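Undergrad: For the sequence shown, the positions run 14 to 1062 when the working numbering is used.
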Amino acid sequence: MSSQVHSVQSLLKSFPKRPFDQKVLHELVGKEVRKFQGKSSADNVKSQWEFLLKNEVFTLAANEGSALKCDSTSYYDGLRDRLDLVLTFTEHDVCEATFPFTVLQDLLETQTITSCSQIFSWIESSAARLTKEMVPQKGKALILLRTLNDLLRRLSKMGSTTIFCGRILTFLSGVFPLGERSGVNLRGEYGPMWEGVKDMEKRDEDVTIDSAKGPEDSQKMEVDGGRKESVENKDKDGFYTTFWSLQLPFSRPPLFAISNTFTEFKDAVDKVLPVIKEATTKERAMMGNRGASGTSNLKRKREPELGEASNNSEYFFAKFLTSPDLLNLEIADTHFRRQVLFQLLILLHHLLSFTKAAKAVWSTPRNRSLQMDFTLEPVDAQWVHDTIVKASAELRSTAPNGPTFADTVNVILDREKNWVRWKNDLCAPFDREPWSAEVGGRKVGMEDATREARLKRKEDPEPWKWNLGSDSLTEIWEMGYRDLSDLQNPFQPGDVKDFVKKVKQEDARIELRRKQLTKNAERLAQARAKAAAAAASQESTAPQETPAPALPPAEPTKVEPPPAAASSPLHPSLPPKPGSSPMKSFAEIVAPTPTPTPVVSAPEASPAAVPSPAPSLTDDQIARYEENRQRWSWLALRTARDQYLQHFGKIGTGDVVLLANEIELEKERDKNQKTQKAEEMRVLVTGGAGYIGSHVIYALQQTRRYKVISVDNHHNSFPASLTRVAQIARDALPENPSEADKESAEIDAFECNLTSPEQIKGIFERYGKGGIWGVVHIAAYKAVGESVEIPLTYYTNNVAATVSLLQTMSDFDCTRIVYSSSATVYGTPPVIPIPETTRLKADSPYGKTKVMSEMVIDDLCHAEPNRWRAISLRYFNPAGAHPSGLIGEDPRGRPGNLLPLLAHMAIGRVNDATLKVFGNDYPTPDGTCVRDYLHVLDLASGHLLALDALAPESTTFDNCPDDARYKAYNLGKGKGMSVLQIVEAMRKATGFDFKYEIIGRRRGDVPDLTADPALAERELGFKAPQPLEVMCRDLWNWQTMNPQGYTQQ
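And the structure:
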């Protein structure tokens, strides 16, 4: 967070001088924001920025008093700079959208009126940015409206703020629509209830009188002149109070339920309307005088005050000022009078709905919330009618455009009446019976039905059997787990690496203990050397006293534990259980045994005794650690003996650390191999639940080399086909299948629309980059006749979806695709049979979509030759079904292809008694169209061969004319069959006597489409051996076993 503090400080220091281009600040802020992207969670970064920016604003705002005494300009400039930073950070989506408004709300509450005016100037200058994408009645709109109305309420209690109030109201009028400010009453407040002006005015008057009186004036007697002036003020204040008392029923109509409210309202209206009429008359008279004088009026106009806005042509909301002296000026304003009259008319029309006759129409028990205990008596209703007439007349007499304004008001009121009438008359009331249930053979209400359950809930619950809330938490606590780290890294006996951890722990303990022993030995040796040196010096000065001090150093030589250590029965490296400190025996080894040697050079002998301690330092603790280490090593070797015996020859004398390293290397190699194998075997098939797609998946699963992912939106297919394909694959598994074999028999099926890029991306994200090896793209709309009627739908589904799929494949490093094209790309071919070199010139929108998709794939392979490999299979007319009869062709609705249509006619799924044959005047043997039919399983094998050709080791693309690895192949038998020949073959297979009728040609049909499959046979090894009779036999087998297809209805 300290770095973010530095960023904010550097931004303030390098803040551009005003005026400046906003782009400069955006670039500076964007540069700082990008520094912290991804370093923490987005929410944490956002909260930190908001805290720092708000802290900067209010740190400066806290010094307002002292700052204004010195230099107000620099203070306000600093405030604007910080507010600009807040807004710019918000525009970069680093702060919440409401953040600038909450800062402004808090800031305006803490500043003086003068500073508030400066802050509001910044709001005005930044209005376009602040109100961008602002939704009425939500979020920042509510905060802004509440903030400005709170400021207006604050200004209304002070003087000399008229211009400032006008600026705020003008801003509100420009930012918010009229309906959004429906809660703004005449006082300029939003939301709070009207409380009247009597008490407030009385307080203000008392304060004014008290403050005006001096110590002597309070003792003086009133004179007549003063009394006259006070009477005039009293009259003025009386009308002022009466006028503003109307605002109470205006804003709170339910108050009419109080007995004297309507009477007071009548009196107030009767007093106010004549004053309004008089003001209108004066205004018209003045307008007449101005009109008569023409342009010769030389009276100098009043210059507008600084900051005062002109509202001659714009409607604005009047500001309630708490001074009776200004009421006449407000009433003199036409807009103000119109607003009062408009509010009065709304309330009067509302009161007319509370006559006895009107209430009988709309008052029901369902709308009790709209009712109040008030009924308008006939006399009062007549007064309301008369007052409506008067108020409407006053509206018409206002200028300018009084009649137009009055007509508009009447239209609004009439529409409101009609809307209420429509609600009452046309929206029929409906009742719903109360909830009930049968208990004991009788209907009872909710209270009786739930009595037993409620009584049971009052009983004390049984003690919970799990002390820590759940079985799992209680179990792991009892097992001794006390921290999350215990659960994250538990000790798992049986794993070699866990035993290695234990061995390393023991090694660390041994090393630490030996360091402690070494330090202790060094200190003891130094002490002994010093003692020996001191004894030697004393011996040289007093030779007669040498025997006495020589006894203590010679005493340790009587005990010699080192030889005994070698004969330890526990372990050769372990000493016997010591009766004394092991440090003592070590000192005896290091200390010099003869006494005379230190006498020769006492000072030099002490360092000679210190230097290198014995390398085999040991004690009881080290012995225990060594024993534990050997035990862990033995357990590790015993555990690894069965599974990792092949590595034992690489670890020498039993180094378990080296063994663990070898095991990890083997696991990493296995993981890489499995990952590579998994990546190689994942193939995504679009349209996998369809006729061709299900048989292609069958062919893929029979190899047991691929993990199939199916994508289909079931527009013309059924999910049940995938279930049956998987069942065929499972039944074909060997007796003891491996896990890989079992996995290959399962299908990851997704319902997805290829026209939705987000859905495609979601599937690829499940497997990650490189997780899908290749794609077989079969999904498409394929009816030639339908494509002529709805071409846009075909282009969207067949071309746009292919482009979207290719883009997603590229993003996820899946760059191998087998595209299911069609023989219709050739249009009317110039030669028969059709080779792949034939120009592409489709005659139908369906064929054109296939041509376009092929061109897109070809261009992609040329653009990125080192990444993409693609094969387009231009197959002709697939027919037949799987011999088991479990999967076959089951189109939704009427079949669009000939063979399934004949099968449906024979089984009775199609009511047509006659087959319509489109044209018999083609240049073919019997005049009907000729098509190349091949068995669907032969076609599926062609897809499998194409996938194999996309493998890195394949040589299929070696003869390409350029670097692009893209080819197209025809898949067919190379022998055409006419429509009538197909009908005859199906008659033999089904025994059904088909009737047919020759009609006119169908647009888009070509006479002959017979493939030349020589290229596919030569380069892919493709063959299509199944004859037409087998195709018809398998098709009829599928149809008889599934008369209603996959639905079985």
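Idealized CB from N, CA, C, for every residue including glycine.
These figures come from a predicted structure and were not determined experimentally.
1. Counting pairs of Cβ atoms below 8 Å between the segment 1026-1044 and the segment 887-894, do you hit three or more?
2. Whose C-alpha, out of 906, 148 and 738, is nearest the C-alpha of residue 897?
3. By the 10 Å Cβ neighbour count, where 16 or more other Cβ atoms means buried, how is residue 918 classified, buried or exposed?
4. What does a CB cutoff of less than 6 Å around residue 327 pick up in its chain, not counting 5 residues either side in sequence?
5. In the DSSP assignment, what are the bridge partners of residue 890?
6. Whose CA, out of 552, 647 and 284, lies closest to the CA of residue 508?
7. Can you tell me whether residue 711 is helix, strand or coil according to DSSP?
8. Cα-Cα, which of 126, 802 and 878 is closest to residue 170?
9. If you reduce the DSSP assignment to three classes, tell me which class residue 1035 lands in.
10. List the residues that DSSP assigns as beta-bridge partners of residue 979.
11. Between which residues of its own chain and residue 801 is the CB-CB distance below 7 Å, once the five residues before and five after are set aside?
12. Could you spell out the range, first to last residue, of the beta strand (DSSP E) harbouring residue 697?
13. Do you know how far the Cα of residue 90 is from the Cα of residue 28?
14. Classify residue 721 as helix, strand or coil using the three-state DSSP reduction.
15. Following the continuous beta strand (DSSP E) through residue 999, name the residue where it begins and the one where it ends.
16. For the segment 448-528, which segments carrying the beta strand (DSSP E) assignment without a break, of at least 3 residues, lie completely within its bounds, in sequence order?
17. Can you give the Cα-Cα distance for residue 338 and residue 344, rounded to whole angstroms?
18. Any chance you could list the alpha helix (DSSP H) runs of at least 4 consecutive residues sitting entirely within the segment 72-102, in chain order?
19. Between 913, 276, 641 and 348, which has its C-alpha nearest residue 292's C-alpha?
20. Can the beta-carbon of residue 1026 be found closer than 7 Å to that of residue 985?
21. Relative to the C-alpha of residue 295, which candidate in 342, 158, 997 and 778 has its C-alpha closest?
22. Among 778, 957 and 526, which one has its Cα closest to the Cα of residue 708?
23. Do residue 885 and residue 981 have their beta-carbon atoms positioned less than 7 Å apart in this structure?
24. Just to confirm before moving on: does the CB-CB distance between residue 999 and residue 928 stay below 7 Å?
25. So residue 991 and residue 942 are in contact, right, with Cβ under 8 Å, and what is the actual spacing, rounded?
26. Ignore the nearest five residues each way along the sequence and tell me which others in residue 415's own chain have a CB closer than 8 Å to its CB.
27. Relative to the C-alpha of residue 644, which candidate in 661, 669, 356 and 940 has its C-alpha closest?
28. Residue 426 and residue 362: beta carbons closer than 7 Å?
29. Skipping 5 residues on each side, what residues in its chain have a beta carbon closer than 8 Å to that of residue 1012?
30. Just to confirm my understanding: we take residue 230, look at its own chain, exclude 5 residues before and 5 after, and list those with CB closer than 7 Å. What are they?
31. Can you grab the Cα-Cα spacing for the pair residue 67 / residue 56, in whole Å?
32. Can you tell which of 85, 700, 166 and 160 has its C-alpha closest to the C-alpha of residue 131?
33. Determine, using beta carbons only, whether residue 387 and residue 269 come nearer to each other than 7 Å.
34. In whole angstroms, what is the alpha-carbon distance linking residue 852 and residue 839?
35. Determine the burial state of residue 550: buried for a count of at least 16 other Cβ atoms within 10 Å of its Cβ, exposed for fewer.
36. Return the residue from the list 117, 790 and 718 that minimises the CA-CA distance to residue 755.
TA: With the given structure in hand:
1. yes
2. Position 884 of the sequence shown holds residue 897. The residue with the shortest Cα to Cα distance from residue 897 is 738.
3. For the purposes of this step, residue 918 is taken as residue 905 along the sequence shown, with counting starting at 1. Counting Cβ neighbours within 10 Å, residue 918 comes out buried, since at least 16 surround it.
4. Locating residue 327 in the sequence shown gives position 314, where the first residue counts as 1. Its pLDDT being 40, under 50, residue 327 is placed unreliably in this model, and the value from its coordinates should be taken loosely. Counting only Cβ-Cβ distances below 6 Å, and skipping sequence neighbours, we find nothing.
5. Looking up residue 890 in the sequence shown gives position 877. Residue 890 pairs with 946.
6. For the purposes of this step, residue 508 is identified with residue 495 of the sequence shown, where counting begins at 1. When only C-alpha atoms are compared, the closest one is 647.
7. One-based indexing of the sequence shown puts residue 711 at position 698. In the structure shown, residue 711 sits in a helix (DSSP, three-state: H, G or I).
8. As a first step, residue 170 is located in the sequence shown; it is residue number 157 there, counting from the start. Comparing Cα-Cα distances from residue 170 to each of 126, 802 and 878, the minimum goes to 126.
9. Looking up residue 1035 in the sequence shown gives position 1022. Of the three classes helix, strand and coil, the one that applies to residue 1035 here is coil, per DSSP.
10. On the sequence shown, position 966 is the one that residue 979 refers to. According to DSSP, which records beta bridges pairwise, residue 979 is partnered with 883.
11. Start at 1 with the first residue of the sequence shown, and residue 801 comes out as number 788. Counting only Cβ-Cβ distances below 7 Å, and skipping sequence neighbours, we find 857, 858, 1016 and 1017.
12. The sequence position of residue 697 within the sequence shown is 684, counting from 1. Unbroken beta strand (DSSP E) run through residue 697: 695-699.
13. Locating residue 28 in the sequence shown gives position 15, where the first residue counts as 1. Locating residue 90 in the sequence shown gives position 77, where the first residue counts as 1. Looking at the two C-alpha atoms, the distance is approximately 11 Å.
14. As a working note, residue 721 is residue 708 in the sequence shown. Residue 721: strand per DSSP, three-state reduction.
15. Here residue 999 refers to the residue found at position 986 when the sequence shown is read from its first residue. Note, residue 999: premise wrong, no beta strand (DSSP E); alpha helix (DSSP H) at 992-1003.
16. 450-452 and 455-457
17. Within the sequence shown, residue 338 is the residue found at index 325, counting from 1. Within the sequence shown, residue 344 is the residue found at index 331, counting from 1. One C-alpha to the other measures close to 11 Å.
18. 77-83
19. Taking the sequence shown and counting its residues from 1, the one referred to as residue 292 is at position 279. Answer by Cα proximity: 348.
20. For the purposes of this step, residue 1026 is identified with residue 1013 of the sequence shown, where counting begins at 1. For the purposes of this step, residue 985 is identified with residue 972 of the sequence shown, where counting begins at 1. In this structure, residue 985 lies closer than 7 Å to residue 1026 by Cβ.
21. Here residue 295 is taken as the residue at index 282 of the sequence shown, counted from 1. Per the Cα distances, 342.
22. Position 695 of the sequence shown holds residue 708. When each option's Cα is compared against that of residue 708, the closest is 957.
23. The residue you call residue 981 lines up with position 968 of the sequence shown. The residue you call residue 885 lines up with position 872 of the sequence shown. It is a contact, given that the beta carbons lie within the stated cut-off.
24. By one-based count along the sequence shown, residue 999 stands at place 986. By one-based count along the sequence shown, residue 928 stands at place 915. Cβ distance not < 7 Å, so residue 999 and residue 928 don't count as in contact.
25. Residue mapping note: residue 991 aligns to position 978 of the sequence shown, counting from 1. Residue mapping note: residue 942 aligns to position 929 of the sequence shown, counting from 1. That belief holds up - the Cβ atoms of residue 991 and residue 942 are roughly 7 Å apart, short of 8 Å.
26. As a working mapping, residue 415 is identified with position 402 in the sequence shown. 408 and 409, listed in sequence order.
27. Start at 1 with the first residue of the sequence shown, and residue 644 comes out as number 631. Per the Cα distances, 669.
28. Here residue 426 corresponds to residue number 413 of the sequence shown, with the count starting at 1. Here residue 362 corresponds to residue number 349 of the sequence shown, with the count starting at 1. Yes, the pair counts as a contact, with Cβ atoms nearer than the cut-off.
29. In the sequence shown, the residue the question calls residue 1012 occupies position 999. Closer than 8 Å at Cβ, skipping near neighbours: 929, 930, 931 and 932.
30. By 1-based counting over the sequence shown, the position of residue 230 is 217. Legend: pLDDT at residue 230 = 45, less than 50; position of this residue unreliable, value from coordinates given subsequently. Here the set comprises nothing.
31. Within the sequence shown, numbered from 1, the residue matching residue 67 stands at position 54. Within the sequence shown, numbered from 1, the residue matching residue 56 stands at position 43. So the two alpha carbons sit approximately 16 Å from each other.
32. In the sequence shown, the residue the question calls residue 131 occupies position 118. Taking only the C-alpha atoms, the option nearest residue 131 is 85.
33. Numbered from 1 along the sequence shown, position 374 holds the residue referred to as residue 387. Numbered from 1 along the sequence shown, position 256 holds the residue referred to as residue 269. In contact: residue 387 and residue 269 (Cβ atoms closer than 7 Å).
34. Your numbering for residue 852 matches position 839 in the sequence shown. Your numbering for residue 839 matches position 826 in the sequence shown. Near 7 Å, if we compare the C-alpha coordinates of residue 839 and residue 852.
35. Looking up residue 550 in the sequence shown gives position 537. With fewer than 16 other Cβ atoms within 10 Å, it is exposed.
36. Taking the first residue of the sequence shown as 1, we reach residue 755 at position 742. Nearest option by C-alpha distance: 718.
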